[in-house]
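**Student:** Dropping the structure in here first, questions after.
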Amino acid sequence: MSVTTDHRATGHPVHGALLDPEVLPGGEQARAVRNVPNTLDLFATHFPRFPILPGVLLVASAVDVAVLAAPAADHGWRLGEATRVRWRRPVRPGDQVAILAELTGRDGDDTLHFKIAATVDGQPVATVRQLTLVRRLPAPATVGESPKEQR
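For the sequence shown, position 5 matches number 596 in the numbering used here, and the numbering has no gaps at all.
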């Protein structure tokens with residue numbers, strides 16, 4: 592079993608490591624498993640009597656998996672948008688979410704489109720018809736690096 596906690600590509604904090612991340616043959620699909628530990632602090636406030644994983648964290652995990660199938664980018668990739676998201680059933684503490692990301696299209700070199708399927712024990716929990724990744728741009732110059740400040 593391999594584990595990755597490298598989130599420099601997406602820039603958001605890790606809410607648990609991806610287990611067994613892999614890019615499938617052909618390079619246009621990737622899959623990984625995300626554990627949902629019962630120890631996440633958010634379960635104390637996100638429906639304490641019926642704790643569920645917030646959908647935004649599931650989408651963030653889907654972005655992590657999609658980035659695995661994306662070509663290398665100097666500054667990484669960021670979420671552009673997620674459209675036609677469908678929640679099938681709640682993800683509960685203790686679940687293992689298997690996420691599959693499939694590249695479905697490109698708009699030039701800077702925009703990628705993916706289809707996402709997330710399952711728990713083989714049962715669908717969420718689908719994203721179109722998850723769009725946009726190439727990150729370099730950070731703007733700081734005041735000390737600005738040409739105006741050097742005069």
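Just so it is clear, CB atoms sit at the ideal spot from N, CA and C, and this is done for glycine as well.
#1: Measure the C-alpha to C-alpha separation of V656 and F705 and round it to an integer number of angstroms.
#2: Under the assumption that A664 contacts R727 (Cβ atoms under 8 Å), give the Cβ distance between them as a whole number of angstroms.
#3: Reducing DSSP to helix, strand and coil, say where V647 ends up.
#4: Going by the DSSP bridge assignment, what does G696 pair with across the sheet?
#5: Given the structure, does P639 come close to the ligand GDP, in the sense that its CB is under 8 Å from one of the ligand's heavy atoms?
#6: Per DSSP, what kind of secondary structure is V658 in: helix, strand or coil?
#7: Go to L609, then tell me how far its beta strand (DSSP E) extends in each direction, as first and last residue.
#8: In whole angstroms, what separates the C-alpha of R683 from that of D698?
#9: Bridge partners for D623 per DSSP, in chain order?
#10: Have a look at F638, G617, L722 and flag the residue whose alpha-carbon is nearest the alpha-carbon of L649.
#11: Assign V647 to one of two classes, buried (16 or more other C-beta atoms within 10 Å of its C-beta) or exposed (fewer than that).
#12: Let me know the secondary structure DSSP gives A663 once reduced to three states.
**Tutor:** To lay it out plainly:
#1: Indexing the sequence shown from 1 puts residue 656 at position 65. Indexing the sequence shown from 1 puts residue 705 at position 114. Taking the straight line joining both Cα atoms gives about 10 Å.
#2: Residue 664 sits at position 73 when you count from the first residue of the sequence shown. Residue 727 sits at position 136 when you count from the first residue of the sequence shown. Confirmed, about 7 Å.
#3: Here residue 647 refers to the residue found at position 56 of the sequence shown. Looking at V647 - three-state DSSP - the assignment turns out to be helix.
#4: By 1-based counting over the sequence shown, the position of residue 696 is 105. Paired residues: H704.
#5: Annotation note on the ligand GDP: not contained in the displayed structure, which lists no ligands.
#6: As a working note, residue 658 is residue 67 in the sequence shown. Residue state, collapsed to three classes: helix.
#7: Along the sequence shown, one-based indexing puts residue 609 at 18. First-last of the beta strand (DSSP E) with L609: 609-614.
#8: Position 92 of the sequence shown, counting from 1, holds the residue named residue 683. Position 107 of the sequence shown, counting from 1, holds the residue named residue 698. C-alpha separation (whole angstroms): 36 Å.
#9: For the purposes of this step, residue 623 is taken as residue 32 along the sequence shown, with counting starting at 1. One detail in the question is off: residue 623 reads as Ala in this sequence, not Asp. DSSP lists I690 as partners of A623.
#10: For the purposes of this step, residue 649 is taken as the residue at position 58 of the sequence shown. When only C-alpha atoms are compared, the closest one is L722.
#11: On the sequence shown, residue 647 is found 56 positions in, with the first residue counted as 1. So V647 counts as exposed.
#12: Walking along the sequence shown from the start, residue 663 turns up at place 72. DSSP places A663 in coil when its eight states are reduced to three.
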